[in-house]
Amino acid sequence: MSDPLLPAFLGGLPVRPEGPPAWPFSDADVQAALAAAVASGAWGQYHGEHVCALEAELAVFHDVPHAITCASGTLAVEAALRALRVGPGDEVVMAAYDYESNFLTVHAIGAKPVLIDIHPDTWQLDPSQLEAAFTLQTKAVICSHLHGGVVPMRLVMEIAHRHNVGVVEDAAQAPGATVDGKPAGTWGDVGTLSFGGSKLLTAGRGGALLFSDPQLHQRAKLWLHRGLQQWAPLSELQAAALLPQLRNLPAMTAKRAENMRELAVMRSRDPEGSVCGALPFGSRLRDTVAAFYKLGFHFDPTAFGLTRELFVKAMRAEGVAFDAGFKALHVGRSPSRFRAVGDLPNATAAHERCIILHHPVLALSRPDVQQVADAIAKVYRYRDMFAERPPSTRG
101 MSDPLLPAFL
111 GGLPVRPEGP
121 PAWPFSDADV
131 QAALAAAVAS
141 GAWGQYHGEH
151 VCALEAELAV
161 FHDVPHAITC
171 ASGTLAVEAA
181 LRALRVGPGD
191 EVVMAAYDYE
201 SNFLTVHAIG
211 AKPVLIDIHP
221 DTWQLDPSQL
231 EAAFTLQTKA
241 VICSHLHGGV
251 VPMRLVMEIA
261 HRHNVGVVED
271 AAQAPGATVD
281 GKPAGTWGDV
291 GTLSFGGSKL
301 LTAGRGGALL
311 FSDPQLHQRA
321 KLWLHRGLQQ
331 WAPLSELQAA
341 ALLPQLRNLP
351 AMTAKRAENM
361 RELAVMRSRD
371 PEGSVCGALP
381 FGSRLRDTVA
391 AFYKLGFHFD
401 PTAFGLTREL
411 FVKAMRAEGV
421 AFDAGFKALH
431 VGRSPSRFRA
441 VGDLPNATAA
451 HERCIILHHP
461 VLALSRPDVQ
471 QVADAIAKVY
481 RYRDMFAERP
491 PSTRG
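Numbering (this note's numbering), first residue to last: 101 to 495.
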């Protein structure tokens, strides 16, 4: 009979038998808002009261004069680039470790991605790499805040504007975050948000753009419209579902940040916690509040004693939703599809070693967060036994 204290992957009992929490959570305010939209008949309108209210509240929440909603975060990035007049033959600088859709969007408008390395500690876009990437063809930079980290946007803006280069700040993973005293998404010339199914603000699909510059706002609005109507809009039902989530976002952001701090303390109290090779991302910026979506960890297979793939399988067996991070943009692609600045060693390291914890558990209770810490410690404690198992039992 198996020892119940063993990791579940080795035949023991899982830390979370019920598995990872589902997302989105059941929300009475969202259900009431959707029911009210249906009852009023507003749900069938193209750009009705709920979309207008959401755009107004997004602008107020982010302290910007203009916000536009649209069908997806990917579309928002494309509209932002087009507002900056990026087109065929232009270059767009971005981190070599980023969400793949941003890379593909640059190609979709006929421009060429220029990939720069990320910071070795934060695994975010490294502003010190920007100037080496700029050429006469450089039209824009895309900065994405990823995995609970943030890009130092003040420095990015200083460098980019010195060279007359526009900046798209992709805050798809960071709604509610504060970067050096300002809301994420408001540092760039255009900010973008995503309301995809797993996002912190979710409507299944959807996106938004944030503007301080009225001319950029007008350009994006014109591109997103055909005649009097937007051709890829957010629906009234989506907007109705998002409004109560936006109003509750500060409380949810604070809850996730509190639980993230608790998780860090729990890991530090573990005698092996500081050396076991799974350390969460952080930020050195002052006046910064992270938004923890797909919380990133630096995973060191040598220090932990397991491969990343086996660690993820073991944590999944415990009922904790860890996954590998993004695939780096320069890996497995023809060099003709991008221009790389240097060898990109840090992006390669992130590609090989980043692991991510899905955010729903961070919005639950302290005991739920303790389960995450316990699962990591449990798998680490029995790491040597994984190598002893026959390959047929590893899944």
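We treat Cβ as the ideally placed atom computed from N, Cα and C, and that holds for glycine.
Treat the numbers as computed from the prediction; the structure is a model and nothing was measured.
Open item on the list: Measuring only the C-alpha atoms, how far is Ser434 from Ala440?
Closed with: Translated into positions along the sequence shown, residue 434 becomes position 334. Translated into positions along the sequence shown, residue 440 becomes position 340. Separation of Ser434 and Ala440 (C-alpha to C-alpha, rounded to the nearest whole angstrom) is 11 Å.
TODO: Can you tell me the Cβ-Cβ gap for His430 and Phe311, rounded? I've got them flagged as a contact below 8 Å.
DONE: Position 330 of the sequence shown, counted from the start, is the residue given in the question as residue 430. Position 211 of the sequence shown, counted from the start, is the residue given in the question as residue 311. So it is not a contact: roughly 31 Å between Cβ atoms.
- [ ] Could you tell me the distance, in whole angstroms, from the CA atom of Asp443 to the CA atom of Ser436?
- [x] What you label residue 443 is simply residue 343 of the sequence shown in a count that begins at 1. What you label residue 436 is simply residue 336 of the sequence shown in a count that begins at 1. Rounded to whole angstroms, Asp443 to Ser436 spans 15 Å at the Cα level.
Open item on the list: If you measure between the beta carbons of Thr169 and Glu149, is that distance less than 7 Å?
Closed with: Within the sequence shown, numbered from 1, the residue matching residue 169 stands at position 69. Within the sequence shown, numbered from 1, the residue matching residue 149 stands at position 49. Not in contact: Thr169 and Glu149 (Cβ atoms no closer than 7 Å).
- [ ] Less than 8 Å between the CB atoms is what I'm expecting for Val241 and Val193, so what's the real figure, rounded?
- [x] In the sequence shown, residue 241 corresponds to position 141, counting from 1. In the sequence shown, residue 193 corresponds to position 93, counting from 1. Rounded, the Cβ-Cβ distance is 5 Å, consistent with contact.
Task: Sheet register partners of His325 (DSSP bridge) - done: Position 225 of the sequence shown, counting from 1, holds the residue named residue 325. Paired residues: Gln330.
- [ ] Could you tell me which uninterrupted alpha helix (DSSP H) segments, each at least 4 residues in length, are contained entirely in the segment 227 to 256, listed from first to last along the chain?
- [x] Taking 4 residues as the shortest admissible run, the segment 227 to 256 contains the following complete alpha helix (DSSP H) segments, listed from N- to C-terminal end: 230 to 233.
Task: Arg262 beta carbon less than 7 Å from that of Asp280 - done: Position 180 of the sequence shown, counting from 1, holds the residue named residue 280. Position 162 of the sequence shown, counting from 1, holds the residue named residue 262. Cβ distance not < 7 Å, so Asp280 and Arg262 don't count as in contact.
TODO: Would you mind reading off the limits of the beta strand (DSSP E) that contains Leu215?
DONE: For this step, residue 215 is matched to residue 115 along the sequence shown. Where Leu215 is concerned, the enclosing beta strand (DSSP E) stretches over 212 to 216.
Open item on the list: Do Phe295 and Gly306 have their beta-carbon atoms positioned less than 7 Å apart in this structure?
Closed with: The sequence position of residue 306 within the sequence shown is 206, counting from 1. The sequence position of residue 295 within the sequence shown is 195, counting from 1. Taking 7 Å as the Cβ cut-off, Gly306 and Phe295 qualify as a contacting pair.
Task: CB of Gly405 within 7 Å of CB of Arg483, strictly - done: Taking the sequence shown and counting its residues from 1, the one referred to as residue 405 is at position 305. Taking the sequence shown and counting its residues from 1, the one referred to as residue 483 is at position 383. In contact: Gly405 and Arg483 (Cβ atoms closer than 7 Å).
Open item on the list: Checking 7 Å against the spacing of the C-beta atoms, do Thr353 and Ala176 come in under that value?
Closed with: The count along the sequence shown starts at 1 and reaches residue 353 at position 253. The count along the sequence shown starts at 1 and reaches residue 176 at position 76. In this structure, Ala176 does not lie closer than 7 Å to Thr353 by Cβ.
TODO: Compute the Euclidean distance between the alpha carbons of Val130 and Pro344, then round it to the nearest angstrom.
DONE: Walking along the sequence shown from the start, residue 130 turns up at place 30. Walking along the sequence shown from the start, residue 344 turns up at place 244. Going by C-alpha positions, Val130 is about 6 Å away from Pro344.
Task: Residue nearest to Ala424 in terms of C-alpha spacing, selected from Glu418, Ala487, Ile456 - done: Numbered from 1 along the sequence shown, position 324 holds the residue referred to as residue 424. When only C-alpha atoms are compared, the closest one is Ile456.
Task: Sub-7 Å separation of Thr174 and Ser201 beta-carbons - done: As a first step, residue 174 is located in the sequence shown; it is residue number 74 there, counting from the start. As a first step, residue 201 is located in the sequence shown; it is residue number 101 there, counting from the start. With a cutoff of 7 Å on beta-carbon distance, Thr174 and Ser201 are scored as near each other.
Open item on the list: Taking 7 Å as the limit between beta carbons, can you name the residues of its chain near Gly419, skipping five residues before and five after?
Closed with: Here residue 419 refers to the residue found at position 319 when the sequence shown is read from its first residue. Take Gly419, set aside five residues on each side of it, and the residues of its chain with a beta-carbon closer than 7 Å to its own are Pro114, Val115, Arg116, Pro117, Glu118, Gly119, Pro120, in chain order.
Open item on the list: Starting from Val130, trace the beta strand (DSSP E) in both directions and tell me its first and last residue.
Closed with: Mapped onto the sequence shown, residue 130 falls at position 30. Careful: Val130 lies outside any beta strand (DSSP E), inside the alpha helix (DSSP H) at 128 to 140.
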